[in-house]
Amino acid sequence: MKKLKERWGVTSNKQIVVIFIVFAITGFSSLQLAKPFLSLIGIPDTFEPHWLYRVLRLLLIFPIYQILLVFVGYIFGQFSFFWEFEKKMLVRLKLGFIARYIDSKLKKEP
Numbered sequence: 044m045k046k047l048k049e050r051w052g053v054t055s056n057k058q059i060v061v062i063f064i065v066f067a068i069t070g071f072s073s074l075q076l077a078k079p080f081l082s083l084i085g086i087p088d089t090f091e092p093h094w095l096y097r098v099l100r101l102l103l104i105f106p107i108y109q110i111l112l113v114f115v116g117y118i119f120g121q122f123s124f125f126w127e128f129e130k131k132m133l134v135r136l137k138l139g140f141i142a143r144y145i146d147s148k149l150k151k152e153p
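Last residue of the sequence shown: number 153 in my numbering, and the count goes up by one each step with no gaps.
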């Protein structure tokens, strides 16, 4: 636990627990939201070939998870931690321009 706190720059065990809760809620929620979203865009769960449905659902879970992570983190008072976490993820995926754009918009607001 100590190494994790050092790595994430977290000072209390309470904050670690909140972060784990946010990760759990976000993971579960992203799984639950992908299915109705696919139905909304016209791809029902009876879509054939079924393997393609699974691939599409997996591809959709990732961006839903990324958005929910910051949103749920904000609700739990951990926006700065999860925004920094998300920026690192975007940079690793060569999508750092998205983080820079959002950062520039956030800095303009009072």
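No residue lacks a Cβ here, since even glycine has one placed at the ideal position from N, Cα and C.
Notebook entry, point to check: So, do the stretch 65-78 and the stretch 98-109 have three or more beta carbon pairs nearer to each other than 8 Å?
Noted result: In the pairwise beta carbon analysis, the stretch 65-78 is classified as touching the stretch 98-109: at least three pairs are separated by under 8 Å.
Next item on the list: Classify S55 as helix, strand or coil using the three-state DSSP reduction.
Entry: For this step, residue 55 is matched to residue 12 along the sequence shown. Note: S55 maps to coil in three-state DSSP.
Check: Can you tell me whether I62 is buried or exposed, with buried defined as 16 or more other CB within 10 angstroms of its CB?
Finding: Stepping through the sequence shown from its first residue, residue 62 is reached at position 19. Classification of I62: buried, given that the 10 Å Cβ count is 16 or more.
Next item on the list: Could you check the C-alpha separation between G70 and V113 for me, to the nearest Å?
Entry: Against the sequence shown, residue 70 aligns to sequence position 27. Against the sequence shown, residue 113 aligns to sequence position 70. One Cα belongs to G70, the other to V113, and the distance between them is close to 12 Å.
Note to self: Short of 6 Å in beta carbon distance, which residues of its chain neighbour F90, apart from the five on each side in sequence? Order them along the chain.
What the structure shows: Mapped onto the sequence shown, residue 90 falls at position 47. Its chain contains Y96 as the residues whose beta carbon lies nearer than 6 Å to that of F90, once the 5 sequence neighbours on both sides are disregarded; these appear in chain order.
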